[in-house]
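S.K.: Residue numbers (the working numbering), protein chains in the order written: chain A, 925 to 1213; chain B, 925 to 1213.
And the structure:
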């Protein structure tokens, strides 16, 4: 099965299992709304591509880990869209969870996805229990309150913020988690993979800043120009569009150079190049062509 | 070390570890505010008492599991107090997390505690990785979206609700989780323990309804008469105070009768009797004496 199909199938299984019995109907609908149809599934694709590059022989654990990374991402989007954070009405081209199902259900959808992400990994490792602790530790770190997504969102409530640390936590951490957990899932030593995750996180943040500044709502599936209207730090505000495009190209190059020597390195390079192109707003890509 | 001291010490270690690096200061403060000082720590005490009754030889895994159960409980309180749920200002005799630190931080505190609960269990099982999956499965079920606390809170957004199922999910599930995970933590077969958890959950719900109807704010550390003002189902509304007292005594008796034959059964009976007395509002206990 192709990577994208494996991700959707594993997510379907996880959500079906989690909502199979005694799940309140609105919550079950809302969880599906938060996860399907997905965005680009960039993080789980990256996770599975790293696992493939590490010559994964078993698909079960990598699939579950990729699916957990995506569930964590979806949870963070649902909570980040809440009225007390971004108060966003639109996500992936449709209503946000709280707009459609109300705030209480949106809070619970995020909570439930965090729980199921961990449970999914743990269930998939029944035959290799020694993988669970390193995987959970990696995933916890990438979403947790010290340097993870949760820390990233919490920096928005602080007066003194190091912008680099804020972006590293809010955006970069889950890319690091996707890459590193992809290696752990196969039993490989994950440390040589960490710099790749960090560079991809930086590139994604730059691309996201560009999309917000120069993309259209149709391209993003959500309102644009949010950084300037929420007065959030952005590379575009600091470097301008040209400067940000240049830095993005440089960072993607650095990411590719970070790929450790391995059998699947070539495919991974192709994926990163394809994602980097996809993420640049259409009108900038055309202008640069 | 006494059970209560072990719980506090393990919680201190878990929160210190989770906030040690790069945790935004407000979030770190808010997480501590949510966990310390605690309430009666009923659930983790129950978890450790069951582990002791199963003749636990190792304290590390039971302590971590008890601590995870309490972190899940604290997470659910913080989210349940949010304006979109109970909109409560007071909890354990002090300001609720969102009242003191704002709603965004309160949402993130709940998220972070869920993450750390799982991570704490996983880290403690490094020497016995085969315990992690059954423990995570048990804890996920007791907090999750099918029959767990999250389901319980979500039933409040539904029109047609089975009151018994609502209480079982919102209150009973974590008592079942505390009891069953206490047994799993020692490597014992958990199934004979499940009915005890269910009965204690029912008793606790009755006691909670009594406290809400006939307790004082000082006793509860939170506003009383919330069931009637939120029009929530309550045993007191259905059976009256006398009827609820009678059912509570009967349910505690049934719980004690559910304790499986084991070395520590006597201590466990004492704990349940002590908790049952402590939970009855002072004026009713006096009247019944």
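Backbone N, C-alpha and C fix where the C-beta goes; we use that ideal spot for every residue, glycine too.
Please check if any C-beta of chain A sits within less than 8 Å of the C-beta of residue 1169 of chain B.
M.R.: Taking Cβ atoms only, chain A never reaches closer than 8 Å to residue 1169 of chain B, which makes this a no.
S.K.: Within its chain, find whatever has a CB closer than 8 Å to the CB of residue 953 of chain A; leave out the 5 residues flanking it on each side and keep chain order.
M.R.: Taken in chain order, the residues that qualify are 1025.
S.K.: Considering only the beta carbon of each residue, do residue 978 of chain B and residue 1044 of chain B sit closer than 8 Å?
M.R.: No; because the gap between Cβ atoms is not below 8 Å, this pair is not in contact.
S.K.: Within this structure, are the beta carbons of residue 967 of chain A and residue 1003 of chain A separated by less than 8 Å?
M.R.: No, they are not a contact pair.
S.K.: Tell me whether the stretch 1175 to 1182 of chain B and the stretch 1145 to 1153 of chain B touch, counting them as touching only if at least three CB pairs, one residue from each stretch, are closer than 8 Å.
M.R.: The stretch 1175 to 1182 of chain B vs the stretch 1145 to 1153 of chain B: no contact.
S.K.: With a threshold of 8 Å between beta carbons, is residue 951 of chain B in contact with chain A?
M.R.: It does: the Cβ of residue 951 of chain B has a partner Cβ on chain A nearer than 8 Å.
S.K.: If you draw a straight line from the alpha carbon of residue 1253 of chain A to that of residue 1031 of chain A, how long is it in whole angstroms?
M.R.: In this structure chain A extends from 925 to 1213, so residue 1253 of chain A is not present and cannot be described.
S.K.: Residue ranges of each alpha helix (DSSP H) run of no fewer than 4 residues wholly in the stretch 1070 to 1141 of chain B, ordered along the chain?
M.R.: If we require 4 residues or more, the alpha helix (DSSP H) runs fully inside the stretch 1070 to 1141 of chain B come out as 1073 to 1079, 1087 to 1091, 1097 to 1109 and 1118 to 1138.
S.K.: Indicate whether at least one CB of chain B lies closer than 8 Å to the CB of residue 1100 of chain A.
M.R.: No, its Cβ sits nowhere closer than 8 Å to a Cβ of chain B.
S.K.: Taking the C-alpha atoms as reference points, what is the distance between residue 1133 of chain A and residue 1055 of chain B?
M.R.: C-alpha separation (whole angstroms): 44 Å.
S.K.: DSSP three-state call for residue 1006 of chain B: helix, strand or coil?
M.R.: Residue 1006 of chain B falls in the coil class under three-state DSSP.
S.K.: Against residue 1032 of chain B, what residues of chain A qualify as contacts under a CB-to-CB distance less than 7 Å, listed in chain order?
M.R.: Going along chain A in sequence order, the residues near residue 1032 of chain B (Cβ under 7 Å) are 1074, 1077 and 1078.
S.K.: With H, G and I counted as helix, E and B as strand and the rest as coil, what does DSSP make of residue 1018 of chain B?
M.R.: DSSP places residue 1018 of chain B in strand when its eight states are reduced to three.
S.K.: Please compile the residues from chain B whose C-beta is within a distance smaller than 8 Å of the C-beta of residue 992 of chain A.
M.R.: Under the 8 Å cutoff, chain B gives no residues; its nearest Cβ is about 11 Å from residue 992 of chain A.
S.K.: Pick out whichever of B:1118, B:965, B:1149 and B:1128 has its Cα sitting closest to the Cα of residue 1184 of chain B.
M.R.: Comparing Cα positions, the closest option is B:1118.
S.K.: Check whether the Cβ atoms of residue 1100 of chain B and residue 1066 of chain B sit closer than 8 Å, and answer yes or no.
M.R.: Contact flag set, yes.
S.K.: For residue 1042 of chain B, does the count of other Cβ atoms within 10 angstroms reach 16, so buried, or fall short, so exposed?
M.R.: Residue 1042 of chain B is buried by the Cβ-count criterion.
S.K.: Do residue 974 of chain A and residue 1106 of chain A have their beta-carbon atoms positioned less than 8 Å apart in this structure?
M.R.: Yes, these two residues count as a Cβ contact at 8 Å.
S.K.: Where does residue 1051 of chain B fall in DSSP's three states?
M.R.: Reduced to three states, the DSSP call for residue 1051 of chain B is coil.
S.K.: Measuring only from the beta carbon, is residue 1155 of chain B closer than 7 Å to any heavy atom that is part of the ligand GTP?
M.R.: As far as ligands go, the structure on display features none, and thus does not contain the ligand GTP.
S.K.: Tell whether a beta-carbon distance below 8 Å holds between residue 972 of chain B and residue 986 of chain B.
M.R.: Yes, these two residues count as a Cβ contact at 8 Å.
S.K.: At a CB-CB cut-off below 9 Å, which residues of chain A make contact with residue 1026 of chain B?
M.R.: Ordered by position in chain A, the residues that pass the 9 Å Cβ test against residue 1026 of chain B are 1008 and 1081.
S.K.: Name the two residues that bound the continuous alpha helix (DSSP H) containing residue 1067 of chain B.
M.R.: That run of the alpha helix (DSSP H) goes 1056 to 1067.
S.K.: Looking at residue 963 of chain A: is its Cβ nearer than 8 Å to the Cβ of residue 999 of chain A?
M.R.: It is not a contact, given that the beta carbons lie outside the stated cut-off.
S.K.: Measure from the C-beta of residue 1035 of chain B to each C-beta in chain A and report whether the shortest distance is under 8 Å.
M.R.: So yes, residue 1035 of chain B belongs to the interface.
S.K.: What does the alpha-carbon distance come out to for the pair residue 1082 of chain B and residue 1077 of chain A?
M.R.: Approximately 30 Å between the Cα atoms of the pair.
S.K.: Which residue marks the beginning of the alpha helix (DSSP H) containing residue 957 of chain B, and which one marks its end?
M.R.: From DSSP, the alpha helix (DSSP H) with residue 957 of chain B extends over 949 to 959.
S.K.: Give the DSSP-derived three-state secondary structure of residue 1167 of chain B in the structure shown.
M.R.: Three-state DSSP puts residue 1167 of chain B in a helix.
S.K.: Which word fits residue 1046 of chain B, buried or exposed, when buried means at least 16 other C-beta atoms lie within 10 angstroms of its C-beta?
M.R.: Under this definition residue 1046 of chain B is a buried residue.
S.K.: Nearest to residue 1195 of chain B by CA position, among B:1086, B:1153 and B:1120, is which residue?
M.R.: That would be B:1120, whose Cα lies nearest to the Cα of residue 1195 of chain B.
S.K.: Look up residue 978 of chain A in the DSSP assignment and say whether it is helix, strand or coil.
M.R.: Coil at residue 978 of chain A, not helix or strand.
S.K.: From residue 1135 of chain A to residue 961 of chain B, what distance separates their C-alpha atoms?
M.R.: Going by the C-alpha atoms only, they are around 45 Å apart.
S.K.: Give the DSSP-derived three-state secondary structure of residue 1193 of chain A in the structure shown.
M.R.: Three-state DSSP puts residue 1193 of chain A in a helix.
S.K.: List the whole-angstrom C-beta distance separating residue 951 of chain B from residue 1075 of chain A, where the pair is believed to meet the contact cut-off of C-beta under 8 Å.
M.R.: Sure, about 7 Å apart at Cβ, within 8 Å.
S.K.: Let me confirm a value: residue 1167 of chain B is counted as buried when at least 16 other C-beta atoms fall within 10 Å, else exposed. Which label applies?
M.R.: It is exposed - the Cβ of residue 1167 of chain B has fewer than 16 other Cβ atoms within 10 Å.
S.K.: Work out the CA separation of residue 942 of chain A and residue 984 of chain B for me, nearest whole Å.
M.R.: For residue 984 of chain B and residue 942 of chain A, the distance between alpha carbons rounds to 29 Å.
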